[in-house]
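The numbering of the sequence shown is this note's numbering, which starts it at 1 and goes up by one.
The structure appears below as structure tokens.
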Amino acid sequence: MKKYYVNKKAQSNGDHEVHDEYCTYLPSSENRKYLGVFSSCEGAVKEAKKEYSQSNGCKTCSNACHTS
Numbered sequence: 001m002k003k004y005y006v007n008k009k010a011q012s013n014g015d016h017e018v019h020d021e022y023c024t025y026l027p028s029s030e031n032r033k034y035l036g037v038f039s040s041c042e043g044a045v046k047e048a049k050k051e052y053s054q055s056n057g058c059k060t061c062s063n064a065c066h067t068s
């Protein structure tokens with residue numbers, strides 16, 4: 001189980017990336033929203049989509065949920 005966060009700032013393609021607590025690319029505290037504790041990125045991305053419909057897993061830490 002890991003803590004997951006979503007980047008409040010969209011990427012250039014409009015995606016809000018979902019990161020786990022240990023990700024190298026975890027946004028600064030003011031630019032991220034806590035999503036909760038999940039056993040996988042799938043639940044975290046689903047939670048992120050409640051606020052940001054265009055959410056995507058980070059290619060580095062949540063690759064299983066990353067779509068190009």
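All residues carry an ideal CB built from backbone N, CA and C; glycine is no exception.
The model shown is predicted, which means the values in this text are computed figures rather than measured ones.
Which residue's Cα is closest to the Cα of residue i: the options?
i, options, result
"C23", "Q11, S68, N7", "N7"
"M1", "F38, S62, N63, R32", "F38"
"K59", "E17, S28, G43, E30", "E17"
Starting from residue i, trace the alpha helix (DSSP H) in both directions and tell me its first and last residue.
i, result
"G72", "The structure shown does not extend to residue 72, since the chain is modelled only from 1 through 68, so no value can be given for it."
"K46", "41-48"
Measuring straight from C-alpha to C-alpha, what distance separates residue i and residue j?
i, j, result
"Y25", "S12", "16 Å"
"K33", "P27", "9 Å"
Taking the beta strand (DSSP E) that residue i belongs to, which residues open and close that run?
i, result
"S55", "55-57"
"L35", "32-38"
Have a look at the DSSP bridge pairing and note the partners of residue i.
i, result
"Y4", "D20, G36"
Quick one: is the Cβ of residue i within less than 7 Å of any heavy atom of the ligand MN?
i, result
"N56", "Only the bare structure without any ligand can be found here, which leaves the ligand MN out of the picture."
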